[in-house]
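To start, the structure under review is shown below, and the notes come after it.
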Amino acid sequence: MLREIYRDPVYDGATDPVVVIEPGGRGWWMFYTQRRATHPDPGPGVSWVHGSRIGVARSRDGLDWHYAGTLEPDAGGLELTAGPPPADVYRTHWAPEVVFDGTGWRMYLTEIDGVPDRWPGHARTIVAYRSSDLASWRRLGPLDLASDRVIDAGVARGPDARWRLWYKDEASDSITRVAVSDDLESWRDGGVAIGGRPHEGPSAFELDGRWWMIVDEWRGMGVFVSDDAVHWGRQGGPDDVVLGAGAVPGRGFGHHGAPVRDGDTLWYYFFAQPATTPDAGGDGAAADDVEARRCAVYRVRLRVDADRLVCEAEPMH
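In terms of our numbering, the sequence shown is residues 198 to 514.
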């Protein structure tokens, strides 16, 4: 059984984690959606999953984490600010993706105007930022993608040296589309990457000479494999998942995460809501009980065994 790696000390709603390691291994940074799980008055409906800031935690080893604050908007972009976020906010930030481009850091952040209390009727955009230190982020602007209902960017450089940004397009029945770039500045539409069953939170990476993508199907994680990071096939049958029910403590299962490479080891950090069940709504947004809204971050080691991607729990110490 997995053990919790991190919980958000403000609202206990750490979701969509992405972890990066500074060059030279000087420190580990976690960026995550700071869901307002325990906010005393978040608003009606699904307001509690909106109005979120990006939380930041830091670590020396990837295991023991301490809260560092939130990325607060300013005139130029975002600035790491110690302490809790403001009690009332006027913009929603979700699902940060952070990558190193060879000289500095890029963030691709889902942004929504206001604090919606329902899903329909609200545009969602993916906005690019740059940073040299992971604390101060300069806003570059929104990307021109397939629709105005796009969330959950996952970015990697493929074997053809082109950058690809995979994302959930809610206007296309919540499947994964892809945009392609040679320079991380201009992007062109690459069409549908993963169709079929609705899903979110795509993350792609290379392991043992092949490319893999993990997506959140709200019942565990679907796995796809590719030789070129362009054409993808599902691992196993249509209902096969990893990190399904029973993989995490409680009744929950694995949700939206991202990989990080530490030497020869590839970790996958993800979140789960231990009290959420598939019958209660896999994304947990309909939960009225505060206890069912709480989230925790976990990690597994990714490896390939007999041409299949497997998630390996760390030994408990």
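All C-beta atoms in this analysis are idealised placements derived from N, C-alpha and C, irrespective of residue type, glycine included.
Assuming residue i contacts residue j (C-beta within less than 8 angstroms), just tell me the rounded distance between them.
i	j	result
Pro214	Gly449	So it is not a contact: roughly 15 angstroms between Cβ atoms.
Arg321	Val347	6 angstroms
Leu404	Met418	Wrong, their Cβ atoms sit about 15 angstroms apart, outside the cutoff.
Ser378	Trp360	5 angstroms
Val497	Leu260	Actually they do not touch by this definition, with Cβ atoms about 13 angstroms apart.
Gly393	Arg374	Not quite, the Cβ-Cβ distance comes to about 13 angstroms (not below 8 angstroms), so this is no contact.
Val487	Ala234	7 angstroms
Asp386	Ala376	6 angstroms
Beta-carbon separation of residue i and residue j under 9 angstroms?
i	j	result
Val312	Gly240	yes
His290	Glu276	no
Ala368	Asp345	yes
Pro395	Asp424	no
Ile323	Leu342	yes
His452	Gln470	yes
Pro293	Tyr229	yes
Glu219	Leu331	yes
Arg255	Arg490	no
Arg327	Trp302	yes
Val420	Asp436	no
Cys508	Gly210	no
Asp258	Trp225	yes
Trp363	Met410	yes
Val457	Val217	yes
Gly447	Ala472	yes
Ile391	Trp429	yes
Ser329	Gly274	no
Trp408	Pro356	yes
Taking buried to mean at least 16 other C-beta atoms within 10 Å of its own C-beta, is residue i buried or exposed?
i	result
Glu397	buried
Ala279	exposed
Ser400	buried
Phe467	buried
Ala426	buried
Ile202	buried
Asp476	Because the pLDDT of Asp476 is 47, which lies under 50, any placement of that residue in the model is unreliable, and the number read from its coordinates should be weighed accordingly. Asp476 comes out exposed.
Ala350	buried
His263	exposed
Ser249	buried
Phe297	exposed
Ala159	What is shown of the chain runs 198 to 514, which leaves residue 159 out entirely.
Gly221	exposed
Thr267	buried
Arg196	With the chain running from 198 to 514 in the structure shown, residue 196 is simply not present.
Thr212	buried
Asp502	exposed
Ala358	exposed
Arg204	buried
Pro317	exposed
Gly252	buried
Pro206	exposed
Asp413	buried
Leu499	buried
Pro282	buried
Which residues share a DSSP beta bridge with residue i?
i	result
His263	Arg255
Pro270	Leu275
Pro456	Tyr465
Ser378	Trp360
Arg315	Arg315 is not bridged to any residue.
Glu397	Asp413
Arg335	Gly274, Arg327
Ile218	Trp225
Ile202	Per DSSP, none; premise fails for Ile202.
Arg321	Arg346
Tyr495	Phe467
Arg385	Val377
Leu404	Arg407
Gly430	Val422
Leu506	Val501
Thr212	Thr230
Gly240	Looking at the DSSP assignment, Gly240 forms no beta bridge with any residue, so it has no partner.
Arg490	Beta-bridge pairing links Arg490 to no other residue.
Arg354	Trp360
Asp366	Val347, Ile372
Val439	Met418
For residue i, decide whether its Cβ has a neighbour in chain D, counting only Cβ atoms nearer than 9 angstroms.
i	result
Val243	Here there is only one protein chain, and chain D is not present.
Cβ of residue i within 8 angstroms of any heavy atom in the ligand FMN?
i	result
Gly210	Annotation note on the ligand FMN: not contained in the displayed structure, which lists no ligands.
Practice prompt. May I have a chain-ordered list of the beta strand (DSSP E) segments no shorter than 3 residues that lie completely inside the stretch 272 to 310?
Written response: 274 to 278, 288 to 297, 302 to 310
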